[in-house]
Every structure is written in C-alpha cells, then in structure tokens.
Amino acid sequence: MKKEQHKQPTTNTNVTTDQAFDIDTSWGAVLNNEAAIAQTTRDTINATLIVSLALNVMALAYALMLMS
Numbered sequence: 002m003k004k005e006q007h008k009q010p011t012t013n014t015n016v017t018t019d020q021a022f023d024i025d026t027s028w029g030a031v032l033n034n035e036a037a038i039a040q041t042t043r044d045t046i047n048a049t050l051i052v053s054l055a056l057n058v059m060a061l062a063y064a065l066m067l068m069s
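Number 69 marks the last residue of the sequence shown (the working numbering); no jumps.
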C-alpha cells in the first residue's frame, strides 16, 4: 500500500514529506485543542449563569419573605 503523499511546505524545501505530515497533524491537534477549550468555556459560562439564576431566585424569595 503506497503511503499518501503530502505537499511540501513552500517556505522550506528541506522539509521531508514525513515532517510535513507531522506538521499537519500537530496543527490538527492545535485546532482540536482550541475546540475543547471553547467547549470548556461554554460549559463554565453556562454553570456560572445557572448559579447566578439560583442566587437571584433565592434573593427574590428572601425579599418577598421580608415584605410579607
């Protein structure tokens, strides 16, 4: 089975196809990591909003209790 050929980077003609493949693979890992960071950020924001909502409900209940 023939190994899939990858384009040579134009900036450095000394880079082999194996090295170019490693570079492509590492960029894929960077992009996956960015996606994971973005998902973690969304999860953190959602958790923060839920806690904030719970505190607001508690504050409203306390205010209503004081008014009655």
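Where a beta carbon is used, it is the ideal one built from N, C-alpha and C, also for glycine.
This one's a predicted model, so the numbers in the text were calculated from it and none came from an experiment.
Handout entry: Euclidean distance between Cα positions of MET59 and THR41
Key = Against the sequence shown, residue 59 aligns to sequence position 58. Against the sequence shown, residue 41 aligns to sequence position 40. So the two alpha carbons sit approximately 27 Å from each other.
Problem - For SER53, three-class secondary structure by DSSP - result: As a first step, residue 53 is located in the sequence shown; it is residue number 52 there, counting from the start. DSSP places SER53 in helix when its eight states are reduced to three.
Exercise for the section: Measure the alpha-carbon distance for LEU61 versus VAL52 and round it to whole angstroms. Expected result: Counting from 1 along the sequence shown, the entry for residue 61 is found at position 60. Counting from 1 along the sequence shown, the entry for residue 52 is found at position 51. Each residue's Cα considered, the two are about 14 Å apart.
Exercise for the section: Have a look at ALA36 and ALA55 and give me their C-alpha separation to the nearest angstrom. Expected result: Here residue 36 corresponds to residue number 35 of the sequence shown, with the count starting at 1. Here residue 55 corresponds to residue number 54 of the sequence shown, with the count starting at 1. Answer to the nearest angstrom: the Cα atoms are 29 Å apart.
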